[in-house]
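One structure is given here, and the rest of the page talks about it.
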Amino acid sequence: MIDLRVKIFGKKLQSPLILASGPLSHDGKAIVLAHQAGFGAIVTKTISSIPAKNPFPHLIKNSRSLLNCEKWSELSYRQWVETEIPYAKKHGAIVIASIGLSQPDVKLIAQAVADAGADFIELVSYRSDSIVSMVKEAASLVKIPVFAKVSYNWHNYAEIARECVKTGAAGISAIDSVGPGLRIDIHSGKPLLGSSDGRGWISGEMIKPLALHCVAKIASFNPEIPVIGVGGVNNAEDIVEMFMAGASVVGVCSLPIVKGLGCAKILLSDLKKLLRQLGYNSLSEVKGVCQSYLGRDEYFTDGRVTIDHEMCNNCNLCIKLCPYQVISLKRKKIYINNSICHLCGYCVSICPKEAISLVE
Ligand SMILES: Cc1cc2nc3c(=O)[nH]c(=O)nc-3n(C[C@H](O)[C@H](O)[C@H](O)COP(=O)(O)O)c2cc1C
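Have a look at this one:
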């Protein structure tokens, strides 16, 4: 039986699944629900010195992802430290207090959340030029480990993450939602979101490749520190990818908003099955396995595409969608003309039966 429990800085987490900061951790009761649903730790909605007032509406579904212009917590930091964090701690949750958005906010709030019982702190900023000073402030004030949340919107996120670690961050969370983006109501022509110029931030499935790249880069720069890999995780396969990129635990925000908190139990059970199928006995065996393939300059230009006719169900999707028209039917069987194939690999990624493979 694979044991999915993990330990971070001496704290035992019931699972490697973290509920990332967002509407589902809006208060103490919500945090306890997430804890009972199986999340190993819960990051509070970001706490700041002034409670937020959100535009209406501020959260919409965008295909299988989300677009939001939700700000930080609408509750005061006093309510968080007097009521919400103590309530969540009393009911057994591992609480990561998210603090934003500037160094004066950290100065006001960091010690208070630590005193209220928070297990860790996560710092978040909309601006790349303030996160390092926030880390410095928090690290000088509190004894509990401090994570810095890094945004893909910062072009030099890997350097910033390294600077945060040098300044005192015990770990990094990556990534925040990505944007800005815009959606329009085609009946009225108005933006779908209620922010001043309709802008919103994308999260969920769409951002997974961005998150994976960011996590992999940060983990390669800072192999000694834990990375909370967040962004676009939708199923057990995505969790494995995050671990392979170098994450130590994996966060989700959009998935439970789309599917409900019950997704945690399903993810964890699927993850155990998947690890067994892939031949792993623990998550630590999976962590960072992709790292040795990254940062290489050389790449293959030669190869061949092969098809397993036993597995092929003759759906002809590869024939229809091959961008270079090199696939056809020959004697009722799929035929790939390797002499003119451009080796783009698209057919491999779309075959519903996984019957096509690339041979280097
Ligand atoms: C509606 C919504 C509200 C969010 N609020 C916060 C927040 O207050 N603080 C924060 O650090 N991140 C916030 N996030 C970002 C998430 O914590 C997470 O980093 C991001 O959504 C990527 O993960 P996902 O693809 O699993 O959603 C929010 C995301 C969403 C969708």
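Number 181 in this note's numbering belongs to position 185 of the sequence shown; there are no gaps in the numbering. Backbone N, C-alpha and C fix where the C-beta goes; we use that ideal spot for every residue, glycine too.
The Cβ neighbour count for Met(-3), taken over all protein chains shown within 10 Å, is under 16; the residue is labelled exposed. In the DSSP assignment, Pro176 falls within the unbroken beta strand (DSSP E) covering 174 to 177. For Gly200, the shortest C-beta to heavy atom distance toward ligand 1 is below 7 Å. Between Ile156 and Ile117 a beta carbon distance of about 17 Å is seen, past the 8 Å cut, so the two are scored as non-contacting. Within 7 Å of the C-beta of Leu251 there is at least one heavy atom belonging to ligand 1. The beta-carbon separation of Leu119 and Ala144, rounded to 5 Å, stays under the 8 Å limit for a contact.
Taking 7 Å as the cut-off, the C-beta of Leu97 does not count as close to any heavy atom of ligand 1. With the rule of 3 Cβ pairs closer than 8 Å, the region 254 to 262 does not count as touching the region 274 to 291. Taking a C-beta distance under 8 Å as the contact criterion, Val229 and Val248 qualify as a contact pair. Straight-line spacing of the CA atoms in Leu271 and Leu279 works out to 8 Å.
Distance from the C-beta of Leu13 to the nearest heavy atom of ligand 1 is not below 7 Å.
In this chain, Lys3 is not harboured by any alpha helix (DSSP H); it is covered by the beta strand (DSSP E) spanning 2 to 4. The alpha-carbon of Met238 is positioned some 8 Å away from that of Val211.
Tyr73 sits buried, since 16 or more C-beta atoms from the chains shown fall within 10 Å of its C-beta. In this model, Ile221 and Ser173 are separated by some 22 Å (Cα to Cα). Relative to Ile95, the option among Arg300, Ala106, Gly175, Ile56 whose CA is nearest is Ala106. No heavy atom of ligand 1 is found nearer than 7 Å to the CB of Val322. Within the same chain, Ile127, Val128, Val131, Ala144, Ile168 come within 7 Å of Cys160 by CB-CB distance, once the 5 residues on both sides are set aside.
In the DSSP annotation of this structure, the continuous segment of the alpha helix (DSSP H) that includes Phe217 starts and ends at 204 to 217.
For Pro47, the CB stays at least 7 Å from every heavy atom of ligand 1.
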